[in-house]
Each structure stands twice: as structure tokens, then as C-alpha cells.
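Here the protein sequences come in this chain order: A and V. Just so you know, we're using this note's numbering here: the first sequence kicks off at 1 and counts up by one. Just so you know, we're using this note's numbering here: the second sequence kicks off at 300 and counts up by one.
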Amino acid sequence: MKKRTLTRRDFLKTAAVTPLAGSLALSGFKAAGPAAAAPGKSRVILIRRLDVIGADKKQKPEVVQQMLDEAMAALFGEKNPADAWKRIVKPADTVGIKTNVWNYLPTGPAVEAALKARVLGAGVPEERIGLADRGVLSNPLFTKATVLLNARPARTHAWSGMGSCIKNMIQFVPQPSAYHGDTCADLAAIWSLPAVKDRVKLNVQVMMTPLFHSIGPQNFSEQYTWPYKGLIVGQDPVAVDAVALRILEAKRREFFGEDKPLQPPAHHIAYADTRHHLGHSDPAMIELLKLGDSDGILI
Amino acid sequence: MDKTKAALAGLLPAEVQGWKAAGEDRFFDPQTIFDYLDGGGEVYRSYNFQLLLSRRYEKPDRPALIADVFDMGTPADAFGVFTHDLDGEPAGIGQGSLYKAGLLSFWKGRTFVALTAGEETEESRRAVLEIGRRAAEAIKEAGSEPSLLKLVPEAWALPQRVHYFHTHPILNYHYFVAADNVLDLNEKTEAVLAVAGVKGAKSYLLIVKYPDDGSTSAAFRHFAGAIIPGASGDGSKQMTDKTWTAGRRQGSHVIIVFKSVSRESALASLGDVERLLEIKRK
């Protein structure tokens, strides 16, 4: 029998139930807690659905949309995902969806479409929505964006240790290699540049089939991916990445049968917290809410 | 196509077992490699690579194979970049080769080759190995391993346990010493790191050669002050985890043992390297 982390009945019985949560239960969405995160903490949603990938190994768009909707509702403590989106996107906004097109493991059309659908639903017209990975510095939909949404697949990386939400903004600098020093220790500095600062309203680590070990110049072997079937969603990119990192590390322990730290270490995530104060990497400062299926959750 | 590019392209077969070269070969240099390998290009830059050829092989209804052929400039650096990842089974190709999970890597002369099947099947494995064999045959000149390896004592010279490199990030990749570059490693230094022991009880022997005595002296002072302050006169110090670190400077070399189980063992290893240095000088 599949194990589920939190059902609607569980929530109504055990969580602090507010009137909004009751309405949310009636509407069919699973509220995951109070409207706001505990003081000082960053709320991060981990949602998994074991039915999100079909027999053809492709993500089912309708399930991805449901996952994103539930995650957004829980992230903002709203009964309706549309209300959650209104917290970060207004009709007058120009929205850039910063995706990742790495050919072996891209963000993918299902996640991209799910994000775009909800931005459209928030009242932003199509012509003011950009979707790109490269060329953002010459794309007015990004250079003039009032909102950036950041979505990328979770994977190990030959130089930064992990392909992170923090790192996904590197295309906003004219010379990315300038941030390679000390195996990308100070990637978070990119987030204080005008092109990025205060614009990123949502971060999504796509955990559908993450890569947990890199080999060779191509950095990829399918043997080192696995169907985790999840999304990690949050406003704090450091917290989102810290949760993804824990999962990759747990998978490596499981697969290799020993503690096998990332090589090189993804120290840019901790430094994003301790040096650059971009967000929280300490689990004690992250309010992690787990939704959906718990089979194989690893953390 | 210039001669260097043509020479690299000539190393690869046009077709193997139904996989055919597809599209144009692509070439990258130390400035443009990031366009292809992203930050991972720093690994090859740290070994002074000169030129990279990337070729894609396709076969109907099969995942593609990617050939990456690096002109590393010298056999020492071709060997060195090969030692960046020593997991896998020897494949008997070139002067050193390993295969795992769809990836074949080997070095011969100044060339390093990586052949990747992103999705491994028995068919793709055979094709990758055959492309590798043909490429190795096409590389006419073999080369020598770095002479620094001669200073690794026999007890430390274990298969797939010795790494050669130049820079601080690569040292930390294999064994984290410090966030700061306490050994003043750079493109002009040569380093060997040998690993002994089993998981949970590994020890490390590091030998670094500097271009001159002045930089050696400065580097050793920097290291000693940062990592083993207050070390005994013999260069040894017990660390907070109860293992022993010992380091000495000999001429233009710095020799260090990390995570030794005992002071005696650490000093014995330093002594072994010093004896090999003496032999080398004679």
C-alpha cells in the first residue's frame, strides 16, 4: 500500500485548523499548516506524487499542475492556489520564468507550462511572460521583469557540487566564469545584482528524476538518476536548495552504501546563508512541509 | 579546418557498429569550454587543456554517444586529468583507461578521451569501447607519466588511488585540506595525492613540487601556520580527531601525510619519500 504523508483527514484531525484550512479542505486542496511560516523560518514545500511519471517516462502535465497548485497553496497558507499566486504576481507585472535547458535533464515542458498557466491565470498577458534559460541579459522580458520565477532540475554538478536554484541565476551575469572561484563558493553574490535582486518570487527545484552522481565531461549517466517524482517549492532559494541537497546526499548514502559526500562539495549553499545572508541553509531554520506520497522520500 | 583541429578529428572513426558521426564536430578552447561544459570546464582548464573536440554519434532508435577528445598539451596533464576520476574497471585501452556506467575514459600521449553513452546498454557499451580502441590506435605517440609519481613509495602507489594535479580546488576535491589555498598551489606547481586505507580509515600522502626554493619555503610556512601550528620539531602534530598530520619541506618539495593512525607511521612515510628524493637527486 502506498504511504501518504498527509491526508485531508489527517490535517483536519491533527493540525491547527483555521477557518481557511476548513474551506481549503472543502475545496479539495490539502492545506499544510498556518498561513505564515514560524517567525524567522523559511517555509519550503516538498510535494511528491508517485503517479506523475507515466509508463512512457514522461511527466503527466495535469499531475504536475496539481502538484504545483498544492505546493503553492501550502506555501502561502491559502485555500485556493489562485490566491497564492496573487501574492507574488500582479496583472501589471512582467514575468520572466528562468528555466534550465541542460539537454540531459532540463526543467521540462510540464513544469514550465504549469508555471506559465498560473501566471496567465494571475492576469499577466502572454506578451509579458518570458520563458528562457540563455540570453536573458538581452531579453527585455527578463531585463525589465518585475517578477522572476526560478525553476531548474536538481542534479550534481562537476564544479559547483550541485545545480542549485542559487546557481540558476548565473545567466544574469555577462561572464559566468567570474563566479567559478573556489568551486563556485560565492554564487549567491549574483543575487544582489540589480538584474536579480528582490525580483525572484518563487524557486522550484524539480525533483522528478534527479541526478545524484556526476561522471565524465558530460556529467551524466542515466544510472545515477532515479524517479523521485517531486517538486521542492519556496521563496527562499537557499532553503529550497538545502532541502534538495539533503535528498541528494541521502540518495548517495543509499546507493553507495556509505557516506559519499558530493565532490566538489556544494558549499555555495551554506555560504549563501553564512556569507551572503541570502536565506537559510540550516534545517533548524527551515519549516519543511511534506505533501503527497512518502514512499522513498529519504528525508 | 586548421591542422590541430584536423589532427584531433582524425583520431575518431566516422562510424562504428552502426553509430555514425552526426552533425559538425565542435571545437572548444580554454575560453569557450564553458559554453559546452558549463563550470565543469574548470576541471580541464586546471590541467591546461589546449583544445577539445566534441563529436556526436547517432544510430536510429538508439541514444546518442558523445566523444570528447582533449589535447591536454602534455602527457603529464593527460594523465593528470585522467586521474581526476578513478572509479571504474580498467578497459585495457590507451595508456590507462576506466569504464563505468556508460563512460569510457582513457589517456595516451598528450590526449585524453572520454566517450559517453548517457543511457548504457550492452550495445552502447560495445560501441563505446570500440570507438575508444580505434581512437587509441590512431594516437601514435605515447607519453610518460609525471616524474613526480616516482616519489610515491611503493606502499602508497596503489592502483586507482593516486591523483596528479596542479591546483587547490582539485586537491580539495580529493581531500579537503582547507578552504583557503594554504599550500599556495597554482598552475606552476605539481602535486600528487596518494590514498591508502579503507572507508572510514583513509590516510593521504601529498607531495608538492614548486618551481623554486623560495616559493616552497613560503608555501610550507603558510601550510604549517594554518594547519599544524605548534607541530613538533619532527613536523608532526596530533589533530583534534586523534589522527596525525606530519609535514616537511625538502628542497623544492613539500611532503605531507594527513590522517595517519600514528606519529610513527606518518614520519615513516615522510622518510620513505625523502629517501626516494635522495635517490632521484643522485
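Beta carbons: idealized from backbone N, C-alpha and C, even for Gly.
1. Could you give the C-beta distance for residue 88 of chain A and residue 201 of chain A, rounded to a whole number, given that I count them as a contact under 8 Å?
2. Taking residue 325 of chain A as the reference, give the member of A:272, A:229 and A:298 with the closest Cα.
3. Closest Cβ-Cβ distance between residue 219 of chain A and chain V: below 8 Å?
4. Based on the DSSP output, what are the partners of residue 219 of chain A in its beta bridges?
5. Mind listing the chain V neighbours of residue 180 of chain A? Cutoff is C-beta to C-beta under 7 Å, in chain order.
6. Whole angstroms are fine: how far does the CA of residue 384 of chain V sit from the CA of residue 342 of chain V?
7. Could I get the ranges of all uninterrupted beta strand (DSSP E) runs contained in the stretch 172 to 239 of chain A, with 3 residues as the minimum, in chain order?
8. Would DSSP call residue 64 of chain A helix, strand or coil?
9. List, in chain order, every chain A residue whose beta-carbon is nearer than 7 Å to that of residue 498 of chain V.
10. Distance, Cα to Cα, residue 57 of chain A vs residue 375 of chain V?
11. Compute the distance between the beta-carbons of residue 364 of chain V and residue 406 of chain V, then report whether it is under 8 Å.
12. Any heavy atom of the ligand MG within a distance shorter than 7 Å of the CB on residue 166 of chain A?
13. Using DSSP's beta-bridge definition, name the partner residues of residue 462 of chain V.
14. Give the secondary structure of residue 85 of chain A by DSSP, where H, G and I count as helix, E and B as strand, and everything else as coil.
15. If I measure Cβ to Cβ from residue 28 of chain A and keep anything under 7 Å in the same chain, skipping five residues before and after, which residues do I get?
16. Could you tell me the boundaries of the alpha helix (DSSP H) in which residue 170 of chain A lies?
17. Report buried or exposed for residue 178 of chain A, applying the criterion of at least 16 other Cβ atoms within 10 angstroms of its Cβ.
18. Nearest-angstrom Cα distance between residue 84 of chain A and residue 428 of chain V?
19. What's the gap between the Cα of residue 549 of chain V and the Cα of residue 402 of chain V?
20. What residue from V:534, V:333 and V:520 has the CA that sits closest to residue 547 of chain V's CA?
21. With a threshold of 8 Å, are at least 3 pairs of Cβ atoms found where one atom belongs to the stretch 57 to 74 of chain A and the other to the stretch 243 to 250 of chain A?
22. Anything in chain V within Cβ reach of residue 215 of chain A, meaning under 8 Å, just list it in chain order.
23. Within its chain, find whatever has a CB closer than 6 Å to the CB of residue 97 of chain A; leave out the 5 residues flanking it on each side and keep chain order.
24. So residue 493 of chain V packs on residue 451 of chain V, CB below 8 Å; how close in whole Å?
25. Taking only the alpha-carbon atoms, compute the straight-line gap between residue 468 of chain V and residue 537 of chain V and give it to the nearest angstrom.
26. I'd like to know if residue 157 of chain A contacts chain V, where contact means its C-beta is closer than 8 Å to some C-beta of that chain.
27. What residue from A:67, A:153, A:121 and A:90 has the CA that sits closest to residue 107 of chain A's CA?
28. Buried or exposed, going by whether 16 or more other CB atoms sit within 10 Å of the CB of residue 215 of chain A?
29. In chain V, which residues lie less than 9 Å from residue 294 of chain A when you measure between Cβ atoms?
30. Are residue 224 of chain A and residue 209 of chain A close, meaning C-beta to C-beta below 8 Å?
31. If I measure Cβ to Cβ from residue 3 of chain A and keep anything under 8 Å in the same chain, skipping five residues before and after, which residues do I get?
32. Under 8 Å between beta-carbons, which chain V residues line up against residue 39 of chain A? List them in chain order, please.
33. Span of the alpha helix (DSSP H) holding residue 368 of chain V?
34. Where do the N-terminal and C-terminal ends of the beta strand (DSSP E) with residue 536 of chain V fall, by residue?
35. What are the residues of the stretch 356 to 367 of chain V that lie near chain A, defined by any Cβ-Cβ distance shorter than 8 Å?
36. With a threshold of 8 Å, are at least 3 pairs of Cβ atoms found where one atom belongs to the stretch 507 to 527 of chain V and the other to the stretch 475 to 492 of chain V?
Well, looking at it:
1. At roughly 4 Å, the Cβ-Cβ gap stays under 8 Å, so residue 88 of chain A and residue 201 of chain A are in contact.
2. With chain A covering only 1 through 299, there is no way to say anything about residue 325 of chain A.
3. Yes - at least one Cβ of chain V is within 8 Å of the one on residue 219 of chain A.
4. Answer is none; residue 219 of chain A lacks a bridge partner.
5. Listed along chain V are 338 and 341, each with a C-beta nearer than 7 Å to that of residue 180 of chain A.
6. Roughly 11 Å between the two C-alpha positions.
7. Entirely contained in the stretch 172 to 239 of chain A, the beta strand (DSSP E) runs reaching 3 residues are, in chain order, 200 to 211 and 230 to 234.
8. Helix at residue 64 of chain A.
9. For a Cβ distance threshold of 7 Å, residue set 258 of chain A lies close to residue 498 of chain V, ordered along the chain.
10. Roughly 43 Å between the two C-alpha positions.
11. The Cβ atoms of residue 364 of chain V and residue 406 of chain V do not sit closer than 8 Å to each other.
12. The ligand MG is absent from the structure shown, which contains no ligands of any kind.
13. The partner list for residue 462 of chain V (beta bridge, DSSP) reads V:492.
14. Helix at residue 85 of chain A.
15. Low confidence applies to residue 28 of chain A: its pLDDT is 39, below 50, so where it sits in the model is not reliable, and the reading given next is rough at best. Within the same chain, no Cβ atom closer than 7 Å to the Cβ of residue 28 of chain A is found once the five residues on either side in sequence are excluded.
16. Run containing residue 170 of chain A: none; DSSP gives neither H nor E here.
17. Exposed, by the Cβ-count rule.
18. Rounded to the nearest whole angstrom, the C-alpha separation of residue 84 of chain A and residue 428 of chain V is 53 Å.
19. In a straight line, the C-alpha of residue 549 of chain V is about 40 Å away from that of residue 402 of chain V.
20. Closest option to residue 547 of chain V, Cα to Cα, is V:534.
21. No: fewer than three Cβ pairs fall under 8 Å.
22. Under a criterion of Cβ atoms nearer than 8 Å, the residues of chain V adjacent to residue 215 of chain A are, in order, 384, 386, 399, 400 and 402.
23. If the five residues before and after residue 97 of chain A are omitted, its C-beta is found closer than 6 Å to the C-beta atoms of 115, 131 and 149, all from its own chain and listed in chain order.
24. The beta carbons of residue 493 of chain V and residue 451 of chain V sit about 5 Å from each other, so the pair counts as a contact at 8 Å.
25. Cα to Cα, the separation comes out at about 25 Å.
26. Cβ-Cβ to chain V under 8 Å: yes for residue 157 of chain A.
27. When C-alpha distances from residue 107 of chain A are compared across A:67, A:153, A:121 and A:90, the shortest belongs to A:153.
28. Taking a 10 Å sphere around the C-beta of residue 215 of chain A, we find 16 or more other C-beta atoms and assign the residue as buried.
29. Result: empty, since nearest Cβ-Cβ is about 29 Å, beyond 9 Å.
30. Between residue 224 of chain A and residue 209 of chain A, the gap from beta carbon to beta carbon reaches 8 Å or more.
31. A caution first: residue 3 of chain A carries a pLDDT of 45, below 50, which makes its placement in the model unreliable, though a value can still be read off. Excluding sequence positions up to five before and after residue 3 of chain A, its CB lies within less than 8 Å of the CB of 293, 294 and 295, all in the same chain and listed in chain order.
32. Taking a Cβ-Cβ cut-off of 8 Å, residue 39 of chain A has no neighbours in chain V, whose nearest Cβ is about 32 Å from it.
33. Where residue 368 of chain V is concerned, there is no enclosing alpha helix (DSSP H), although the beta strand (DSSP E) it sits in stretches over 364 to 370.
34. First-last of the beta strand (DSSP E) with residue 536 of chain V: 535 to 537.
35. Residues passing the 8 Å Cβ filter: 365 and 367.
36. The stretch 507 to 527 of chain V is in contact with the stretch 475 to 492 of chain V.
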